[in-house]
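Residues 1 to 308 in our numbering are what the sequence shown spells out, letter by letter.
Below is one structure, written out as structure tokens; the observations come after it.
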Amino acid sequence: MTATTPALPEDSARRGLLKAGVALLGAGAFARALSPLLDAKPITSLAGFLQGHYKELTTIEKKAMFKRLEAETKKDYGADVTIGDWPAEPGVQFAYALNLSICIGCRKCSEACHEENNHDRPSGNSYIRVLEMEQGSMDLERGNTTYDHAVPAPGKYYMPVQCQQCENAPCVKVCPVEATWQEQDGIVVVDYNWCIGCRYCEAACPYHARRFNWKKPEIAAAEINPNQGYLSNRIRPQGVVEKCHFCLHRTRQGRLPACLEACPTGARVFGNVLDQDSEIRWVLNNKRVFVLKEELGTRPRFFYFFDK
């Protein structure tokens, strides 16, 4: 009798199988258990899910992974992209600050984030929510993110909120497979190939800064930003949680975040807090900065201030 290789389940069922297997056995053990199937019938999405943890991959393995993902993007979207990897630099601790006195609520930052990070176009998704707030109030739950009128409006101020890159990040603590972690330069990242979409991190984040990809992103080839980072703005698959990453594919190469460059009023300040001559260091030393929900002890790296 000739042995036959069992067929792999369809995408939806397969993802359920993967999640259950990881929960029961752990990702490494489950990958080894399925290795005969993978040898017989390679599937790129499955190979991506079952690859080794990012921190354990060699340089050669990473380069092969990037090539595979570039080929998948070409096949799925018809776009030629380059996916790279830029490690955190020693002696660098990134932080962000935002001057609420001059933010006008135009949402240019949100639009730039949407385009830079290859978000699903029909949804208009962005990592940045801009809250329209009543002057004199700091109640985030009363902030309006759906305002549709000329800005700035009388009696209002505007508070953009995105990932706070917390030093004591709740999202990192609850991830059952270590798909999210904080890097040496303070940026909290996600390995979208390792994420199982349990959404524990989304529930744990007190800033509503994580997004779940409910469906495969829709984006035309001509709209895709081809300069991509593995841990940042590559096109994320369906069924994973994503978040702001301080545009690490830009900032780790000496550039500024896309949201900062798009701000028409200069309300945003970004840089290395360990550099005593940096603008971000000047702001922290000379302005009365505050962080959101300080009482939670998350220790954000995102600061806010007013001119007066």
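Quick reminder that beta carbons are idealized off the backbone N, C-alpha and C, glycines included.
Check	Outcome
What are the complete beta strand (DSSP E) segments, minimum 3 residues, inside the segment 209-252?	210-212, 227-229 and 241-243
Rounded to whole angstroms, what's the CA-CA distance from L256 to F246? Just pull it up for me.	9 Å
Where do the ends of the beta strand (DSSP E) carrying I280 lie?	First-last for I280: E279 to N286, but that is the alpha helix (DSSP H), not the beta strand (DSSP E).
Which residues bound the alpha helix (DSSP H) around Y77?	T59 to Y77
With C-beta atoms as the reference, is A150 less than 9 Å away from L284?	no
Quick check on S110: buried or exposed, where buried means 16 or more other Cβ atoms within 10 Å of its Cβ?	buried
Do you know how far the Cα of E56 is from the Cα of E132?	43 Å
May I have the straight-line CA-CA distance separating Q253 from T82, to the nearest angstrom?	15 Å
Identify the residues that DSSP records as bridge partners of T396: which are they?	The structure shown does not extend to residue 396, since the chain is modelled only from 1 through 308, so no value can be given for it.
How would you write the range of the beta strand (DSSP E) that Y127 sits in, first residue to last?	Neither: Y127 is in no beta strand (DSSP E) and is coded neither H nor E.
Where do the ends of the beta strand (DSSP E) carrying Y54 lie?	Y54 -> no beta strand (DSSP E), and no H or E assigned at all.
For G229, count neighbouring Cβ atoms within 10 angstroms of its own Cβ and tell me buried if that reaches 16, exposed if not.	buried
Using the C-alpha atoms, what's the distance from V269 back to Q238?	33 Å
With a threshold of 16 other CB atoms inside 10 Å of the CB of G197, please say whether the residue is buried or exposed.	buried
Taking C-alpha atoms, which residue in K293, T298, F305 and S232 lies nearest to H119?	S232
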